[in-house]
Ligand SMILES: Nc1ncnc2c1ncn2[C@@H]1O[C@H](COP(=O)(O)OP(=O)(O)O)[C@@H](O)[C@H]1O
Ligand SMILES: [Mg+2]
């Protein structure tokens, strides 16, 4: 009996916070700035701290994942004598799956946690209250630029991730393993299509971006304003963000590539 | 007057700014017109009840804060002093009762009216709450940019004047993390008065300050109140500082107002709760011990 009750309470709580965070997202995105110049300046600053500062980790991970994929792909494909298809394998895996998903996971760890901690600390030091008391809407001033910056940066980061991965995989397979460069690129060119592969990857990373950044800023905004509360909110951002990405990835993949 | 200081400096350097003169002429005339029409009670709290997390913080509290005076709200930590300021600012809403600020019922005001009312309030938060991603100058300039259409030079002049009045003109370029506690609070004060509010609320301005900073803040609060006829609400548990500058004192305890009167009345009160708070006795009506089982029994308990 207690179990059922707890279960209902849990579901109720989940739906309640989903509703609250939905209102929160809506209000942050649709309260237009009053002074556009200022808003653009704030947005650019967030693009820097959310996007540009994530570049290093994205590029390094992309390179390593591309190299590993090339090695693994080569060792399997070479037993069928079709090692030139490693180009196709790299491009499709990265563009369709690993680019958006791994970028999303890294982004949740690097930028999402930072966003939660920053906003949580602003709450704990009464900066958000201060905006309110000044009659400045903190959703418009603090949350909206961060949301928009995150949502616009992540698809670009995912593309950079894929491009770096393909390039690093090319280095491994062509320069090291001796795949013929012409057929490496040709197999890729034949099998990668803009509207199915590249666009679907972009759509995926766009959806992941909304999920991760939404979770991150909301967790920061509603956290308990203590050091313990901020720590818990940061953890929750990373855990919930990662799970959301993996779950959404399954749904999106099923919708995009599920009909054979 | 405190803002005239800025004038004189500019005057001596033959840089008297007509823009600033115009700005203050408008401001003073607005205030003059308002003064004729408005009442003597600036904040009127009636039958206020408020609870948080199932615990009643205020229970049927009625208090009034006179216009143009310094009112000290005192009480032990956790009694709900900060909460009172948040109720006045409309950040939290009462469960029952009304909070009326300058004739506006805060709980029933629309979003727009509420923001309009907040524009005429300045609040100095306990931690200062300077925006950590902006310099001191930008912090003070923000409300001006948000609410006025003054051009850059004019905003700059006003910001420098506000910083001058708290003695931090030289620190305009510093980031909040580079300021000492006392400086941060003064910078926050400059920001709170940037729009020349009618009401300034100070949340524990003296907590954690050295004697010199305390003295500076006491003087600033007095000067602001006298010169610009600002209504000041000072929340504090520093008895000496508060009683020395307040015109009116409200003592809170256990969700009630236990005394409301002049500092002399507070000092001469014989109410046990007031005496305990003023003298800082460990035991009295407010017990030193958190409720616990019998000491002896708990020590002898074996299980
Ligand atoms: N967000 C909150 N949630 C639950 N309880 C709170 C919250 N904020 C304050 N309280 C409680 O309200 C009481 C009054 O707090 P506060 O107004 O900050 O006291 P003071 O400023 O007088 O020290 C405290 O007991 C505190 O635990
Ligand atoms: Mg307090």
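Chains as they are written, first to last, in the numbering used here: chain A, 57 to 316; chain B, 52 to 354.
The beta carbon of each residue, even a glycine, is placed where N, CA and C say it ideally should be.
Original post:
Is any beta-carbon of chain A found at less than 7 angstroms from that of residue 140(B)?
Top reply: yes
Original post:
By the 10 Å Cβ neighbour count, where 16 or more other Cβ atoms means buried, how is residue 255(A) classified, buried or exposed?
Top reply: exposed
**OP:** Return the residues of the segment 169-190 of chain B that lie within a Cβ-Cβ distance of less than 9 angstroms from chain A, sorted by chain order.
**Re:** 169, 170, 172, 173, 174, 176, 177, 178, 179, 180, 181, 182, 183 and 184
Original post:
Got a sec: is the Cβ-Cβ distance from residue 276(A) to anything in chain B below 7 angstroms?
Top reply: no
Subject >> Per-residue DSSP class, three states only, for residue 290(A) >> reply: helix
**OP:** Take every Cβ of the segment 206-221 of chain B, pair it with every Cβ of the segment 147-159 of chain A, and state whether three or more of those distances are shorter than 8 angstroms.
**Re:** no
Original post:
Is residue 194(B) close to chain A, meaning its C-beta is less than 7 angstroms from at least one C-beta of that chain?
Top reply: yes
Original post:
What residues in its chain sit with their C-beta under 6 angstroms from that of residue 176(A), if we drop five residues either side in the sequence?
Top reply: 276, 279, 286 and 289
**OP:** Could you check the C-alpha separation between residue 298(B) and residue 196(B) for me, to the nearest Å?
**Re:** 34 angstroms
Subject >> Minimum C-alpha distance to residue 165(B) - residue among 259(A), 191(A) and 180(A) >> reply: 191(A)
Original post:
Between residue 87(B) and residue 334(B), what straight-line distance do the alpha-carbon atoms span, to the nearest angstrom?
Top reply: Since pLDDT at residue 87(B) reaches only 47, below the 50 mark, its modelled position is unreliable, and no value is offered.
**OP:** Note down, in chain order, each residue of its chain lying with its Cβ closer than 6 angstroms to the Cβ of residue 237(B), except the 5 sequence neighbours on either side.
**Re:** 217 and 219
Subject >> Under 8 angstroms from the C-beta of residue 166(B): neighbouring residues of chain A >> reply: 191
**OP:** Helix, strand or coil for residue 274(A), going by three-state DSSP, please let me know.
**Re:** helix
Subject >> Reference residue 242(A), options 156(A), 144(A) and 274(A), closest by Cα >> reply: 144(A)
**OP:** Measuring alpha carbon to alpha carbon, tell me which of 93(A), 218(A), 123(A) and 245(A) ends up nearest residue 231(A).
**Re:** 123(A)
Original post:
Is it the case that the Cβ atoms of residue 125(B) and residue 283(B) are separated by a distance below 7 angstroms?
Top reply: no
Original post:
Does the beta carbon of residue 133(B) fall short of 6 angstroms from some heavy atom of ligand 1?
Top reply: yes
Original post:
From 293(A), 225(A) and 219(A), pick the residue whose C-alpha is nearest to that of residue 258(A); which is it?
Top reply: 219(A)
**OP:** Taking residue 223(B) and residue 188(B) to be in contact with their CB atoms under 8 angstroms, please state how far apart those CB atoms are, rounded to whole angstroms.
**Re:** 4 angstroms
**OP:** Quickly, what does DSSP pair residue 173(B) with across the bridge? List them, please.
**Re:** 251(B)
Original post:
Any Cβ of chain B within less than 7 angstroms of the Cβ of residue 183(A)?
Top reply: yes
Original post:
Are the beta-carbon atoms of residue 243(B) and residue 174(B) separated by less than 7 angstroms?
Top reply: yes
**OP:** State the Cα-Cα distance for the pair residue 55(B) and residue 279(B), rounded to the nearest angstrom.
**Re:** Residue placement at residue 55(B) cannot be trusted, given a pLDDT of 49 that sits under 50; what the coordinates show is reported in the next sentence. C-alpha separation (whole angstroms): 11 angstroms.
Original post:
Helix, strand or coil for residue 302(A) per DSSP?
Top reply: helix
**OP:** Note down, in chain order, all residues in the segment 192-226 of chain B with a beta-carbon under 8 angstroms from any beta-carbon belonging to chain A.
**Re:** 193, 194, 196, 197 and 198
Original post:
Roughly how many whole angstroms lie between the Cα atoms of residue 119(A) and residue 156(A)?
Top reply: 15 angstroms
Original post:
From residue 292(A) to residue 172(A), what does the alpha carbon distance come to, in whole angstroms?
Top reply: 9 angstroms
Original post:
residue 188(A) CB to nearest chain B CB: under 7 angstroms?
Top reply: yes
Original post:
Hey, which unbroken runs of the alpha helix (DSSP H) at 4 residues or more fall wholly within the segment 266-339 of chain B?
Top reply: 290-296, 314-318 and 323-330
**OP:** Have a look at residue 296(B) and residue 273(B) and give me their C-alpha separation to the nearest angstrom.
**Re:** 7 angstroms
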